[in-house]
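Participant:
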């Protein structure tokens, strides 16, 4: 899946100067927690917000300073030894998870 394949989803951070096992993205029109819940339902563990404020309910000051939307952020931390198949599973699940979470947000 190419960057930009899911409407209104932005991968945050520098595309080159980044840690290879961490990806944070921002999805408009849905909360990060809703995406975490939906991906968890699919058996995929991710986190919401930035690691700097992982234990806080407050929006991330780091993400705000980057100019990112602070309400729909998801952080993916790939473990050592993660396989290509595991990454592909996340990539395959992500469009439907975002669409489902957005649909739920509209019904709320």
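Residue numbers (UniProt numbering): 1 to 108.
Cβ atoms here follow ideal geometry from the backbone N, Cα and C, with glycine treated the same way.
Please read all numbers here as calculations on a predicted model, not as lab measurements.
1. Thinking just about the alpha-carbon of each residue, which of 21, 13, 17, 39 is nearest to the one in residue 84?
2. The alpha helix (DSSP H) that contains residue 36, what's its start and end?
3. With burial defined as no fewer than 16 other Cβ atoms inside 10 Å of the residue's Cβ, what is the status of residue 32: buried or exposed?
4. Look at the Cβ atom of residue 96, then the Cβ atom of residue 29, and state whether they are nearer than 9 Å.
5. What residues are listed by DSSP as bridge partners for residue 84?
6. Taking all protein chains shown into account, do 16 or more other C-beta atoms lie within 10 angstroms of the C-beta of residue 34, making it buried, or fewer, making it exposed?
7. Rounded to whole angstroms, what's the CA-CA distance from residue 72 to residue 90? Just pull it up for me.
8. What's the gap between the Cα of residue 109 and the Cα of residue 102?
9. Given this structure, state the Cα-to-Cα distance separating residue 37 from residue 47, to the nearest angstrom.
Facilitator: Short version:
1. In the chain shown, the residue the question calls residue 84 occupies position 84. Of the listed residues, the one whose Cα sits closest to residue 84 is 21.
2. Residue mapping note: residue 36 aligns to position 36 of the chain shown, counting from 1. DSSP places residue 36 inside the alpha helix (DSSP H), whose first and last residues are 32-41.
3. Mapped onto the chain shown, residue 32 falls at position 32. Counting of Cβ neighbours within 10 angstroms places residue 32 among the buried residues, the total reaching 16 or more.
4. Translated into positions along the chain shown, residue 96 becomes position 96. Translated into positions along the chain shown, residue 29 becomes position 29. No; because the gap between Cβ atoms is not below 9 Å, this pair is not in contact.
5. Numbered from its first residue, the chain shown carries residue 84 at position 84. BP columns for residue 84 are empty, so no partner.
6. By one-based count along the chain shown, residue 34 stands at place 34. That one is buried.
7. Working through the chain shown from its first residue, we reach residue 72 at position 72. Working through the chain shown from its first residue, we reach residue 90 at position 90. Cα to Cα, the separation comes out at about 17 Å.
8. Here the chain covers residues 1 to 108 and nothing more, so residue 109 does not appear.
9. As a working note, residue 37 is residue 37 in the chain shown. As a working note, residue 47 is residue 47 in the chain shown. Using only the alpha carbons, I get a separation of about 9 Å.
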